[in-house]
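Undergrad: The structure is given below, and queries will be raised subsequently.
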Amino acid sequence: MGPYIAAKHAVIGMTKSAVFDHATDGVRINAVAPGLTETDMTKAWKDDDEKWQQMISGVAMAKAAQPDDIADIVLFLSSDSAKFMIAQVYLVDGGQTAH
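Note that full-length UniProt numbering has the sequence shown beginning at 1, numbered continuously upward.
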């Protein structure tokens with residue numbers, strides 16, 4: 001688990017650092033941090049009802065995100081509605097980190 005956590009923190013650090021190199025060029029840099037998401041990778045967990053219930057019990061919305069939920073924030077951040085939003089990490093986790 002340690003390397004996984006280190007990699008996630010590296011993404012955050014790189015996001016914040018890259019802003020200083022590219023913001024004046026009009027490049028908006030943000031990071032999206034998804035929580036539990038239903039994908040092929042999580043299918044084995046979902047197929048095991050006990051494991052799946054354990055996984056979603058830590059999510060305030062009591063369900064996993066769908067890939068479209070993650071895509072929606074990426075589309076928003078790519079739009080002009082987010083033109084002054086940079087150097088942020090957007091959690092898309094259904095309240096998983098609220099605990």
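Backbone N, C-alpha and C fix where the C-beta goes; we use that ideal spot for every residue, glycine too.
Please read all numbers here as calculations on a predicted model, not as lab measurements.
(1) So Ile70 and Val89 are in contact, right, with Cβ under 8 Å, and what is the actual spacing, rounded?
(2) Taking its Cβ as the centre, do 16 or more other Cβ atoms sit within 10 Å of Leu75, making it buried, or is it exposed?
(3) Look up Tyr90 in the DSSP assignment and give the residues it is bridged to.
(4) Within 7 Å: the Cβ of Ala87 and any heavy atom of the ligand GDP?
(5) The alpha helix (DSSP H) with Ala62 in it runs from where to where?
(6) Can you tell me whether DSSP reads residue 164 as helix, strand or coil?
TA: Taking the geometry as given:
(1) Translated into the one-based positions of the sequence shown, residue 70 becomes position 70. Translated into the one-based positions of the sequence shown, residue 89 becomes position 89. Taking C-beta atoms under 8 Å as the contact rule, Ile70 and Val89 fail to qualify, at a distance of about 14 Å.
(2) Taking the first residue of the sequence shown as 1, we reach residue 75 at position 75. Under the 10 Å beta carbon count, Leu75 is surrounded by fewer than 16 other beta carbons and is classified as exposed.
(3) As a working mapping, residue 90 is identified with position 90 in the sequence shown. Looking at the DSSP assignment, Tyr90 forms a beta bridge with Val32.
(4) The ligand GDP is absent from the structure shown, which contains no ligand whatsoever.
(5) As a first step, residue 62 must be located in the sequence shown, where it is residue number 62. First-last for Ala62: undefined, no H or E at that position.
(6) Only positions 1 to 99 of the chain appear in the structure, and residue 164 is not among them; the question remains open.
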